[in-house]
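For reference, the structure discussed in these notes is given below.
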Amino acid sequence: MQGSLCKRSRTPRSKKYPVDRLSLLPDDILHQVLSSLDFLDVVRTSVLSKRWRYVWTTMPYLNFDMDWYVQHNYDYNSELLGPQYKFWDFIKWALLLRDQSQIMRICLYSDNTITHQINGLLRVAARQKVQELSILDGDYTAYGLEFPRVLCDTLAVLTVNFHDTIPLRVTAVFSNIRSLKLTRVHISGNAAEKLLSSGCAKLEDVYLEDCQVGDLEQIDISAGNLKNLTIVNVCTLDKFWVVGCFDSKLRVCAPNLLSFCYIGPMLLGFALVDTGSLKNVTVRLLRVPKGYEDEYKNHGLCPERFIGFNNAKTLTLSTVVVKYFCPTYCESQWDTFLLDNVNRLELELRHNAGYIEGLINLLKLSPNIEVLVVRFKEDRQIPRSRKKSRKACLAIKNSSTWKSRIEAIACLSYHVKFIQIVDLDGTEIALELVKFLLQNGKVLERMEIMIGNEKKKPNSFFQPLNLPKTSEVVVSFPEYARRKIPWFDQGDSDPEYDD
Amino acid sequence: MAAETGTPTTLTLKSNDDERFSVAESAAILSVTIRNMVEDGCAGGVIPLDNVDGKTLASVITYMNGISAIPGVGAAADEEKKKSFRDKFLSDMDFETLADMVLAANYLNMSCLMDAVSAKIAQVMENKPVGWVRRKFGIENDYTPEEEAAVKEEHKWTFEGVETDDDI
Chain W
774 MQGSLCKRSR TPRSKKYPVD RLSLLPDDIL HQVLSSLDFL DVVRTSVLSK
824 RWRYVWTTMP YLNFDMDWYV QHNYDYNSEL LGPQYKFWDF IKWALLLRDQ
874 SQIMRICLYS DNTITHQING LLRVAARQKV QELSILDGDY TAYGLEFPRV
924 LCDTLAVLTV NFHDTIPLRV TAVFSNIRSL KLTRVHISGN AAEKLLSSGC
974 AKLEDVYLED CQVGDLEQID ISAGNLKNLT IVNVCTLDKF WVVGCFDSKL
1024 RVCAPNLLSF CYIGPMLLGF ALVDTGSLKN VTVRLLRVPK GYEDEYKNHG
1074 LCPERFIGFN NAKTLTLSTV VVKYFCPTYC ESQWDTFLLD NVNRLELELR
1124 HNAGYIEGLI NLLKLSPNIE VLVVRFKEDR QIPRSRKKSR KACLAIKNSS
1174 TWKSRIEAIA CLSYHVKFIQ IVDLDGTEIA LELVKFLLQN GKVLERMEIM
1224 IGNEKKKPNS FFQPLNLPKT SEVVVSFPEY ARRKIPWFDQ GDSDPEYDD
Chain G
-18 MAAETGTPTT LTLKSNDDER FSVAESAAIL SVTIRNMVED GCAGGVIPLD
32 NVDGKTLASV ITYMNGISAI PGVGAAADEE KKKSFRDKFL SDMDFETLAD
82 MVLAANYLNM SCLMDAVSAK IAQVMENKPV GWVRRKFGIE NDYTPEEEAA
132 VKEEHKWTFE GVETDDDI
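Protein sequences, first through last, are from chains W and G.
Residue 774 is where the first sequence starts when you use our numbering, and the numbers rise one by one after that.
Residue -18 is where the second sequence starts when you use our numbering, and the numbers rise one by one after that.
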């Protein structure tokens, strides 16, 4: 090993052989440096030099990746055991031969799930009081993952992501959990309580995607310190394949909640309670699927089922939600519904009068907004093969017209200063909306219009329109890159055919 | 340096070889160590950083200024900008400097810098023959051939897929 180095006075070595600073770092810092490496590579550092011989034995960050192992340490020709069995052998050796010092984090990628092995690893993790755990890429297994009591108590970060839904069995409240990210996991109502309730006093971030939550009338999320909550396509077990409805209510009681995002099927109701810190709320609903309208007529949005959204500073609502505010589409009476705390409203529309009326109604209900963003959704391509329905679709499309009118709306008259229109494609209905906003926006200072169709130039739209003289309003057409909104811009997620 | 009320504060950081640097407080507090010192009342004077030399501190300050200039937390586009800044920042560094950066990031308690530098070093080490890694980092092999063979034998459960090294 090189002797101690005095950095300043030593003559510089040639570029070919650098000074070995890395070996001078203490073990715990080396552990951090190596923390992203697969454990296979970490163990191999033992051969570098005497200094490096035992660094791997106290490594507290263990990454086991089955693909990596098979690629770099498995010979198909000479091995008798299948790769997944060798991989688990490797993990067992690793745990056995390292010293028994604290393991902070285990990260497991294994796309060929051997459940009892994973559960064995969970038991080791419990014994070692592991704080962060990621289990990724696994295959379906009916049996499920079992979290021992001690592990429930020590885990601060849990990420589970399987290819198919896997049951998660939880034996105690996760009292130290800070970040929870579950994808394609099935949890019973009981387990949901142990993961999301007030007993989880440190819980800050929750992300649930494609999860099934069994048998609950109401999903209660009441972790007192919760800051960010994202729910994407969570369903009850038996309705999982019917995209569109969810027979539960969602109640979130979290005084420190900053952001709430719900993307998924209609619920029986939302209630955001005691959420004074709330900043951003996004709600994107999936339409009730064709043929199920009667069965799910109770799932429609109405004031009683949309509680607590007034606390948001920024509210983003998708097309399906906006449509519920249209007076002719929905029987709900929104008159007493008020969004007077909302400062910024972002709405998504289709090119149809119903949506425009929904938008206007929402504007009436939000007297204090200062910023309005309107995003037009691309119209779905009409399939060539279905000529008959194509004609019908075109007929409907052509009959949907809407003309601007003068109307006094509180927010437009007194507060809205900046309006952004995104993905405007030059259809008449969109232009009429622009006209409406310019005509009625009395304190409007700036409007930005992002043209969705790159081939068309702004002037070709606006000249024929006879826009009112708006010398105080700066209208600009900034360049922008069209951005796909994840989970939303895929055709299947918003199957509305009868607009 | 003393700040006027209402204007952004500038701090003076002093390295262990007595070089002084002015940094905006908003950039400097990316370091939890510095942030704690400021909260403990060092803001008025000069903040001494005994475990960082001038050359490394200059680089760290470039990093702080670059990252704090990108606004927004959590927005995807900003995260990408930060990532491309980090990649560029680290791309020209030699391995000696990288090791110095690790020490500095650890002392200054800057987790994003630590993660970025660690990932860069790990990327170089990942799945490479032993000889190659030794050359890259200047690690001198002090094993005798017998000792080295013994270590490999001890860990043969991790060397099964490895072809023989190209020699130093």
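A virtual CB, placed ideally from N, CA and C, is assigned to each residue, including glycine.
The structure displayed is predicted, hence computed values, not measured ones.
If residue i sits next to residue j, beta carbons under 8 Å apart, how far is it from one beta carbon to the other, in whole angstroms?
i        : j        : result
I879(W)  : A898(W)  : 6 Å
G1028(W) : G997(W)  : First, the amino acid is wrong: residue 1028(W) is Pro here, not Gly. Between G997(W) and P1028(W) the Cβ distance is about 7 Å, and since that is below 8 Å, they are a contact.
A8(G)    : S49(G)   : 4 Å
A1203(W) : H1124(W) : 6 Å
G1127(W) : Y1102(W) : 5 Å
V1189(W) : G1214(W) : 6 Å
V1005(W) : D983(W)  : 7 Å
L976(W)  : V958(W)  : Incorrect: roughly 16 Å between the Cβ atoms, too far for contact.
L854(W)  : Y882(W)  : Not really, about 19 Å apart at Cβ, beyond 8 Å.
K1052(W) : A1085(W) : 7 Å
V946(W)  : G972(W)  : 4 Å
Cα separation between residue i and residue j?
i        : j        : result
L870(W)  : S1021(W) : 49 Å
E1119(W) : L1023(W) : 23 Å
S787(W)  : D793(W)  : Its pLDDT being 47, under 50, S787(W) is placed unreliably by the model, and the measurement read from it follows with that caveat. S787(W) and D793(W): Cα-Cα distance of roughly 13 Å.
L968(W)  : A974(W)  : 10 Å
N846(W)  : E141(G)  : 5 Å
Y1065(W) : N1071(W) : 11 Å
S1139(W) : N1116(W) : 8 Å
E1201(W) : V19(G)   : 59 Å
T819(W)  : E134(G)  : Note that residue 819(W) is Ser in the sequence shown here, rather than Thr. Looking at the two C-alpha atoms, the distance is approximately 11 Å.
S1186(W) : E1218(W) : 12 Å
D21(G)   : T14(G)   : 11 Å
V1147(W) : D1067(W) : 31 Å
R1255(W) : L931(W)  : 34 Å
K1176(W) : C1099(W) : 16 Å
S1172(W) : L1074(W) : Because S1172(W) carries a pLDDT of 46, less than 50, the predicted location of this residue cannot be relied on, and no value is offered for it.
F935(W)  : Y913(W)  : 7 Å
L(-6)(G) : Y88(G)   : 14 Å
A929(W)  : R16(G)   : 25 Å
L71(G)   : L11(G)   : 18 Å
W841(W)  : L813(W)  : 9 Å
E128(G)  : E121(G)  : 14 Å
I1155(W) : G1225(W) : Residue placement at I1155(W) is flagged as unreliable, the pLDDT there being 49, under the threshold of 50; the coordinate-derived value follows with that caveat. So the two alpha carbons sit approximately 19 Å from each other.
S1032(W) : L999(W)  : 9 Å
I102(G)  : P110(G)  : 15 Å
Provide the residue(s) that pair with residue i in DSSP beta bridges, ordered along the chain.
i        : result
C1026(W) : V1046(W)
N934(W)  : L909(W) and T956(W)
C1075(W) : According to DSSP, C1075(W) bridges with nothing at all.
A5(G)    : T(-9)(G)
Q991(W)  : K1022(W)
E61(G)   : Per DSSP, none; premise fails for E61(G).
Q985(W)  : H959(W) and C1008(W)
T1003(W) : Y980(W) and C1034(W)
L969(W)  : Looking at the DSSP assignment, L969(W) forms no beta bridge with any residue, so it has no partner.
E152(G)  : For chain G, the structure presents residues -18 to 149; residue 152(G) sits outside this window and is missing.
P29(G)   : K(-5)(G)
C880(W)  : N836(W) and S907(W)
Strictly below 9 Å CB to CB, what residues from chain G border residue i?
i       : result
L795(W) : F76, E77, L79, A80, V83, I102, F118, G119 and I120
K967(W) : Simply none; closest approach about 28 Å.
Since residue i meets chain W, which of its residues come closer than 8 Å, beta carbon to beta carbon?
i       : result
V132(G) : S819, V820 and R826
N87(G)  : I802 and Q805
E107(G) : L810, D811 and D814
Under 7 Å between beta-carbons, which chain G residues line up against residue i? List them in chain order, please.
i       : result
V792(W) : E77 and G119
L798(W) : A80, V83 and L84
F863(W) : W138
Taking C-beta pairs closer than 8 Å, name the residues in chain G that residue i reaches, listed in chain order.
i       : result
W866(W) : W138
In chain W, what lies closer than 7 Å to residue i by C-beta?
i       : result
G95(G)  : Gly is not the amino acid found at residue 95(G); the sequence shown has Met there. Those are Q805, listed as they occur along chain W.
V114(G) : L821
S99(G)  : Q805, V806, S808 and S809
Given that residue i touches chain W, what residues does it touch there, using C-beta distances under 9 Å?
i       : result
E129(G) : V820
V111(G) : R817, T818, V820 and L821
Please confirm whether residue i has its beta-carbon closer than 7 Å to some beta-carbon of chain B.
i     : result
A8(G) : No chain B appears in the structure shown, which is made up of the protein chains W and G.
*In the stretch 1176 to 1225 of chain W, which residue ranges form an unbroken beta strand (DSSP E) of at least 3 residues, counting only runs that do not cross its ends?*
Assignment of beta strand (DSSP E) within the stretch 1176 to 1225 of chain W, counting only whole runs of 3 or more residues, yields 1191 to 1197 and 1219 to 1224 in chain order.
_Runs of beta strand (DSSP E) wholly within the stretch 1054 to 1123 of chain W (minimum 3 residues, chain order)_ = 1087 to 1090 and 1117 to 1122
*Fully enclosed by the stretch 779 to 859 of chain W, which beta strand (DSSP E) runs are 3 residues long or longer?*
Along the stretch 779 to 859 of chain W, the beta strand (DSSP E) occurs as fully enclosed runs of 3 or more residues at 834 to 838, listed in sequence order.
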